[in-house]
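**Q** Can you keep this structure in mind? I'll have questions shortly.
Residue numbers (my numbering): 457 to 1495.
Structure (structure tokens):
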């Protein structure tokens, strides 16, 4: 029992001892903490006291210095005390005063003891002085980084601190050197300054200068003063020159100074004298030489963010505009690849480079206009003429020395075979320049149009560039031209491809604004024979690339650019020809081979028919179109295996007095498949009774023709006729007089599409600009409204051309970006752009006015009507089917061929009824009269009399539906019951026994393409009656 208590007491004793030990330990810790706190407080009090005393002494010293100038040694000792207790936030004003005092001492005349640098003469103080000077200049650098040049008080401080850096990093202006024996000190003092500069460089001199420049220049309105700007440039150059342009300092200079947005632009406007040291030291050449090293430019570009690489490029362009193609190309390629890598869903828009992921930099964004202004000199006339000087030599027919030729007359150069007319070194210069400009276009995506404008508007630039390509050709053959370029390495040489892409892009930008008078009469920029040659070359090039499936990524840009220019030229030629007949057909491939490849679905043939269908003859394309329609009918299950088979169709009932209205009500909402299928029509006559009609295609053809005739009649108000001789149709801008006008347009689009789908020709002559709308050509970025305007309003076109070529001040004409129009008796003002009625037309914006006016009249004013019509039309006829045709070809597809009627073809495909046959006397008279006695106009009238269309089908009369027919009639039309067994027998046995029906005229049933021809006894009677009927429409009926 007693042992248990002892154990308990022992435990308690140990615990007490441990607690006491812990207590003593904590007490000692508190004592040590108290001592540390007391020491820290004593130190703080001491420092505070010292600072207070030092500041009081400093303030008193500065105050006294106003009356009595202190010696340099006194200033040195005062500065030592001040810097020992210096606090940037509290002592900034005192530091400014100290800098003023030191700078003032350096200006003292003939008083060496006052010069701050005189302390260096003291052997004991020289090292301390040097350390103090470095400390002072580093504080200056720190303050420069946070000061704002836009604040007037800060601007004065910036001037002082920059002056400190300028004065004490170069001993050249120190007065100590002018004293007796001072020259002996020059070398030592220069080494001392070099030591200071080296220290500043290691502690961030260049970043400090960059921050100051960014603060003063990277804004919409630069705020850096002239003197400060020059001081910064001087300070930035000193380490560089002193180190003899070492790679390390060159890199720092480029990264921190030359990458500042708009540096050289602002320097030339704010402080032009600041450009002199850059020129004196050959900074441009040194920088270019540095950047030509692969490792150097890689280091620089990797350290710079993409946008700042752009700033570097802009400054280099501004600094010098000579011999920089390779450097510019490398920087642009870096920017291009950087943008491509940084593209993601979370991107920001850059005004020059486009969309990519980038950090927000307000200063940089504010400087974009200045960077853009600098970059514009790249495509200025001066630079373009300088870089492409050799092109002028080519265009003037001069030839440089040819060093070596092969047996085909082509020069051997660095890039393989080159032009026979141009020396290899000249070719290399031209190709490098082309590569540079093509890289500029690819990289600066947001200002591509500005660049193309700058290049293509240079006097004769594109013409000279074409002559450069033309110089590769050994003769006038287009095939030889393409062969020569292939031999030169067109499909493998990046440089040659870039040159061709540049030419195509510039031409594609220029040609749409060239009007017809410039192109055809003045023949600018190209002569018509040159355009012919360019077209043929591009046609063969694009065909070869597509046919041989040469569409790799490396050649894709060349293919796209060549194709774009080719289609511009082709569309222009379709509107007004400048090429020879069959120019656009490719002779290297037989048509039968092409069609065979197309049927096998070969990739090359498919790409050709999609991209350049015009290389296939028009007839074959029409046949292909009909095959596509037939295939579509099979897929929809609406084909007719035979003439006697009628699939399930839609039956509509229409009154003859309300054809359009009834047709619209019953067909407008019909599904597309049903609209494409069989539509049967029952007519209700004026007495309200159903007409007896043959339920075949003929009745529907009659209905379709009547709907087209009424719907497209200008008197209805949906369509108007163009002014001028042609009188062609286009949507009326005042169609809103009908409440449902847009639905009516859509319905008429379906009706016309149905006619085209079924192969029925209808005479609806559209204006060419409207045909291009149907083909969606106006959506192309290269579509030119002014070129199409003559097809709408010739007088307006002439007026706009007058304005375009007006030599004097256009403001004299007092025009604005608006025009007034009388709409149903009310004057309406149309604005070509927001606020256009207050924007005056000037010489600077007259081109925009001309194109906006043409675009408004042809596109904007009838946009809703056109869209509704096209929506209906393309619901029946697919868009990709239509892309095989040009505007004029689409018109032929709708209204038939413009070629003269082939009577032989018509005779071979004519059917005879009622006793007539191919060798019947009256039938032979008919063909003889048509062939020998009727003019071409009368033949067209005859065709229209029978079929309601004056033009033959595109594929010939074998494809006329229903077939052309001639029937013998021996009774009046109201007694005519058609062909029966009895009528046919009577027809055969009665010929020659009845009297001559001289009182009857030939009649027709256009819905069946049927000519009802009486059995005349004399050829002269037939000729007389037929001529009268077709000219007077006598007896013309739509039964």
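In this text, a Cβ means the ideal position worked out from N, Cα and C, and glycines have one as well.
For residue 1004, does the count of other Cβ atoms within 10 angstroms reach 16, so buried, or fall short, so exposed?
**A** Within the chain shown, residue 1004 is the residue found at index 548, counting from 1. Looking at its Cβ environment, which holds fewer than 16 other Cβ atoms inside 10 Å, residue 1004 is exposed.
**Q** For the beta strand (DSSP E) holding residue 1368, just list the boundary residues, first then last.
**A** Numbered from its first residue, the chain shown carries residue 1368 at position 912. Element bounds for residue 1368: 1367 to 1369.
**Q** By a C-beta neighbour count over all protein chains shown, 10 Å radius and 16 as the cutoff for buried, is residue 873 buried or exposed?
**A** Taking the chain shown and counting its residues from 1, the one referred to as residue 873 is at position 417. Only weak support exists for where residue 873 lies, its pLDDT of 39 falling under 50; the value from the coordinates is given anyway. Counting Cβ neighbours within 10 Å, residue 873 comes out buried, since at least 16 surround it.
**Q** Mapping DSSP to helix, strand and coil, what is residue 1230?
**A** Within the chain shown, residue 1230 is the residue found at index 774, counting from 1. Helix at residue 1230.
**Q** Quick one: complete alpha helix (DSSP H) runs, 4+ long, within the stretch 552 to 612?
**A** Complete alpha helix (DSSP H) runs here, min 4: 582 to 602.
**Q** Using 8 Å as the threshold, is the stretch 980 to 992 in touch with the stretch 1048 to 1063, meaning 3 or more CB pairs across them?
**A** No, the stretch 980 to 992 does not touch the stretch 1048 to 1063.
**Q** Three-state secondary structure (DSSP) at residue 982?
**A** The residue labelled residue 982 in the question sits at position 526 within the chain shown. Here residue 982 sits in coil by DSSP.
**Q** Would you mind giving the Cβ-Cβ distance between residue 493 and residue 557, rounded to the nearest angstrom? I have them listed as a contact below 8 Å.
**A** For this step, residue 493 is matched to residue 37 along the chain shown. For this step, residue 557 is matched to residue 101 along the chain shown. In fact, because the Cβ distance is near 39 Å, the residues do not count as touching under 8 Å.
**Q** For residue 495, count neighbouring C-beta atoms within 10 Å of its own C-beta (all shown protein chains included) and say buried if the count is 16 or more, exposed if not.
**A** Here residue 495 refers to the residue found at position 39 of the chain shown. Result: exposed.
**Q** Which of helix, strand or coil does DSSP assign to residue 526?
**A** Here the question's residue 526 lines up with position 70 in the chain shown. Coil, per DSSP.
**Q** Can you give me the Cβ contacts of residue 1384 inside the same chain, cut-off strictly under 8 Å, excluding the 5 residues immediately before and after it?
**A** Position 928 of the chain shown, counted from the first residue, corresponds to residue 1384. Within the same chain, residue 1384 has close Cβ partners 1475.
**Q** Tell me where the alpha helix (DSSP H) around residue 1467 begins and ends.
**A** Here residue 1467 is taken as the residue at index 1011 of the chain shown, counted from 1. Not the alpha helix (DSSP H): residue 1467 falls in the beta strand (DSSP E), residues 1466 to 1470.
**Q** Where does residue 1421 sit, in a helix, a strand or coil, going by DSSP?
**A** Start at 1 with the first residue of the chain shown, and residue 1421 comes out as number 965. The answer is strand: DSSP assigns residue 1421 an E or B state.
**Q** Can you tell me which of 566, 1118 and 1077 puts its alpha carbon nearest to the alpha carbon of residue 1337?
**A** For this step, residue 1337 is matched to residue 881 along the chain shown. Minimum Cα distance to residue 1337 is reached at 1077.
**Q** With distances taken from CA atoms, which of 823, 742 and 629 is nearest residue 670?
**A** Within the chain shown, numbered from 1, the residue matching residue 670 stands at position 214. With distances taken between Cα atoms, residue 670 lies closest to 823.
**Q** What do you reckon, are the CB atoms on residue 918 and residue 927 nearer than 9 Å?
**A** For this step, residue 918 is matched to residue 462 along the chain shown. For this step, residue 927 is matched to residue 471 along the chain shown. No, the pair does not count as a contact, with Cβ atoms beyond the cut-off.
**Q** Could you check whether residue 603 and residue 668 sit closer than 9 Å to each other, using their CB atoms as the reference points?
**A** For the purposes of this step, residue 668 is identified with residue 212 of the chain shown, where counting begins at 1. For the purposes of this step, residue 603 is identified with residue 147 of the chain shown, where counting begins at 1. For residue 668 and residue 603, yes; Cβs fall inside 9 Å.
**Q** Report the rounded CA-to-CA distance for residue 1172 versus residue 1166, giving the unit in angstroms.
**A** For the purposes of this step, residue 1172 is taken as the residue at position 716 of the chain shown. For the purposes of this step, residue 1166 is taken as the residue at position 710 of the chain shown. Cα-Cα distance, rounded: 7 Å.
**Q** Does the stretch 1121 to 1133 come close enough to the stretch 1195 to 1214 that 3 or more CB-CB pairs lie under 8 Å?
**A** Contact between the stretch 1195 to 1214 and the stretch 1121 to 1133 is present, because at least three Cβ pairs lie under 8 Å.
**Q** Around the C-beta of residue 870, are 16 or more other C-beta atoms found within 10 angstroms, so that it is buried, or is it exposed?
**A** Here the question's residue 870 lines up with position 414 in the chain shown. Because the pLDDT of residue 870 is 40, which lies under 50, any placement of that residue in the model is unreliable, and the number read from its coordinates should be weighed accordingly. With fewer than 16 other Cβ atoms within 10 Å, it is exposed.
**Q** Between residue 538 and residue 510, how many whole angstroms is the CB-CB distance? I'm expecting something under 8 Å.
**A** For the purposes of this step, residue 538 is taken as residue 82 along the chain shown, with counting starting at 1. For the purposes of this step, residue 510 is taken as residue 54 along the chain shown, with counting starting at 1. Yes, they are in contact, since the Cβ atoms of residue 538 and residue 510 sit about 6 Å apart, within 8 Å.
**Q** At the level of alpha carbons, what is the spacing between residue 1155 and residue 1302?
**A** What you label residue 1155 is simply residue 699 of the chain shown in a count that begins at 1. What you label residue 1302 is simply residue 846 of the chain shown in a count that begins at 1. Looking at the two C-alpha atoms, the distance is approximately 55 Å.
**Q** Per DSSP, which residues does residue 1282 bridge with? Please list them.
**A** Counting from one through the chain shown, the residue named residue 1282 turns up at place 826. Residue 1282 is bridged to 1279.
**Q** Could you tell me the alpha carbon to alpha carbon distance between residue 639 and residue 633, rounded to whole angstroms?
**A** On the chain shown, residue 639 is found 183 positions in, with the first residue counted as 1. On the chain shown, residue 633 is found 177 positions in, with the first residue counted as 1. The alpha-carbon atoms of residue 639 and residue 633 are separated by roughly 5 Å.
**Q** I'd like to check one pair, residue 525 with residue 485: are the Cβ atoms closer than 9 Å?
**A** In the chain shown, the residue the question calls residue 485 occupies position 29. In the chain shown, the residue the question calls residue 525 occupies position 69. No, the Cβ-Cβ distance between residue 485 and residue 525 is not below 9 Å.
**Q** Compare the C-alpha of residue 564 against each of 635, 584 and 775 and name the closest.
**A** Position 108 of the chain shown holds residue 564. Taking only the C-alpha atoms, the option nearest residue 564 is 635.
**Q** Taking C-beta to C-beta, are residue 404 and residue 1108 nearer than 9 Å?
**A** For residue 404 there is no data in the structure shown, the boundaries of the chain being 457 and 1495.
**Q** Grouping DSSP H, G and I as helix and E and B as strand, with all else coil, what is residue 1454?
**A** As a first step, residue 1454 must be located in the chain shown, where it is residue number 998. Coil, per DSSP.
**Q** Between the alpha carbons of residue 1286 and residue 1330, how many angstroms are there, rounded?
**A** Residue 1286 sits at position 830 when you count from the first residue of the chain shown. Residue 1330 sits at position 874 when you count from the first residue of the chain shown. Going from the Cα of residue 1286 to the Cα of residue 1330 covers about 30 Å.
**Q** What is the rounded straight-line gap between the Cα of residue 487 and the Cα of residue 476?
**A** As a working note, residue 487 is residue 31 in the chain shown. As a working note, residue 476 is residue 20 in the chain shown. When rounded, the distance between both Cα atoms is 16 Å.
**Q** If residue 687 sits next to residue 618, beta carbons under 8 Å apart, how far is it from one beta carbon to the other, in whole angstroms?
**A** Along the chain shown, one-based indexing puts residue 687 at 231. Along the chain shown, one-based indexing puts residue 618 at 162. That belief holds up - the Cβ atoms of residue 687 and residue 618 are roughly 4 Å apart, short of 8 Å.
**Q** For the beta strand (DSSP E) containing residue 1056, list its first residue and its last residue.
**A** In the chain shown, the residue the question calls residue 1056 occupies position 600. Neither: residue 1056 is in no beta strand (DSSP E) and is coded neither H nor E.
**Q** Quick one: any contact between the stretch 833 to 840 and the stretch 724 to 744, if contact means 3 or more CB pairs under 8 Å?
**A** No contact exists between the stretch 833 to 840 and the stretch 724 to 744.
**Q** In whole angstroms, what is the alpha-carbon distance linking residue 1483 and residue 962?
**A** For the purposes of this step, residue 1483 is taken as the residue at position 1027 of the chain shown. For the purposes of this step, residue 962 is taken as the residue at position 506 of the chain shown. When rounded, the distance between both Cα atoms is 57 Å.
**Q** Could you give the uninterrupted runs of the alpha helix (DSSP H) lying entirely in the stretch 1125 to 1205, keeping only those of 4 residues or more?
**A** With a minimum length of 4 residues, the continuous alpha helix (DSSP H) runs that stay inside the stretch 1125 to 1205 are 1128 to 1132 and 1153 to 1167.
**Q** When you compare only the Cα positions, how much space is there between residue 1274 and residue 1310?
**A** Taking the chain shown and counting its residues from 1, one reaches residue 1274 at position 818. Taking the chain shown and counting its residues from 1, one reaches residue 1310 at position 854. Going from the Cα of residue 1274 to the Cα of residue 1310 covers about 12 Å.
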